[in-house]
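Under numbering that gives the first Met the number 0, the first residue of the sequence shown carries the number 0, and numbering increases by one thereafter. Every residue, glycine too, gets a C-beta built ideally from N, C-alpha and C. To start, the structure under review is shown below, and the notes come after it.
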Amino acid sequence: MTKLALVFSTFLATSLAASSLFAQWPGPSASVIPEARGYVAIPNAAVVPDKKRIYLAIYEATRAAPEPKQLVPALNMAGFALNAFATTGVPQGNAKLVIVFRGPAVAGILDEVFYLTKFGVANPNLKVLSGLKKAGVEIFVCGQTLAAEKIDPKTLSPHVQIASAAQIVMMTYQNDGYAVLNY
């Protein structure tokens, strides 16, 4: 066997072995918010969810979904966090999550009629908003954005509370020790 053939054979064998390792990953679990990204438990991971820890996070939702049929990134990631905690046995009460919408992300919290009128498709975010609310997530929208964009509060999902300003919500929860996650 030539040296080049030996190198190629070794490379091929190593590649196949590596790909078979990846094929053994378990599937993602999304038991709390099935529409959001699922969580894959990683064996021997360095940092894993702690069942005794209280997790405090505020998601600043500023980005709209890339496509109207997709979830607003902040909703997807808040759902992912709840799915991760459930998969690893963290009690649901140990996740204190808040989402505050402002800017382009506000389109994702329009009720079904107004979303359908604006985008021509059903709002994929509504079921997730409902699930997050049931899981205890606090959900706000910036009143200043609504006023500046002339958005009628009656056009929004009933799962969202109107705050005076996203900035005030952010400062309030940060002062209480919440980690800030921007999406």
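{"Item": "Beta-carbon proximity of Leu125 to Thr154, cut-off 8 Å", "Value": "no"}
{"Item": "Ser156 - DSSP class collapsed to helix/strand/coil", "Value": "coil"}
{"Item": "Backbone secondary structure at Asn75 - three-state DSSP", "Value": "helix"}
{"Item": "Host beta strand (DSSP E) of Leu96 (start-end)", "Value": "Ala94 to Phe100"}
{"Item": "Option nearest Lys51 by Cα separation, candidates Gly88, Gln23, Ile167 and Met76", "Value": "Gly88"}
{"Item": "Three CB pairs or more closer than 8 Å across the segment 45-64 and the segment 164-181", "Value": "yes"}
{"Item": "Environment of Glu59 [buried if 16+ CB atoms lie within 10 Å]", "Value": "buried"}
{"Item": "Span separating the alpha-carbon of His158 from that of Gly37", "Value": "23 Å"}
{"Item": "Classification of Ser156 by the beta-carbon crowding that lies within 10 angstroms, buried from 16 upward", "Value": "buried"}
{"Item": "Residue burial classification, Pro33 (beta-carbon count within 10 angstroms, cutoff 16)", "Value": "exposed"}
{"Item": "Sequence-distant residues of its chain with Cβ nearer than 8 Å to Gln173 (five each side left out)", "Value": "Ile57 and Val179"}
{"Item": "Contacts around Phe118, its chain only, beta-carbon distance under 7 Å, and the 5 residues preceding and following it disregarded", "Value": "Pro67"}
{"Item": "Under the three-state DSSP convention, the category Leu131 falls into", "Value": "helix"}
{"Item": "Reduced DSSP secondary structure (H/G/I, E/B, other) of Gln166", "Value": "helix"}
{"Item": "Among Ser28, Ala63, Ala77 and Thr61, the one whose alpha carbon lies nearest that of Val136", "Value": "Ala77"}
{"Item": "Best match in Pro152, Leu74 and Pro27 for proximity to Ala134 [C-alpha to C-alpha]", "Value": "Leu74"}
{"Item": "Enclosing beta strand (DSSP E) for Val140 [first to last residue]", "Value": "Glu137 to Cys141"}
{"Item": "Three-state secondary structure (DSSP) of Gln173", "Value": "helix"}
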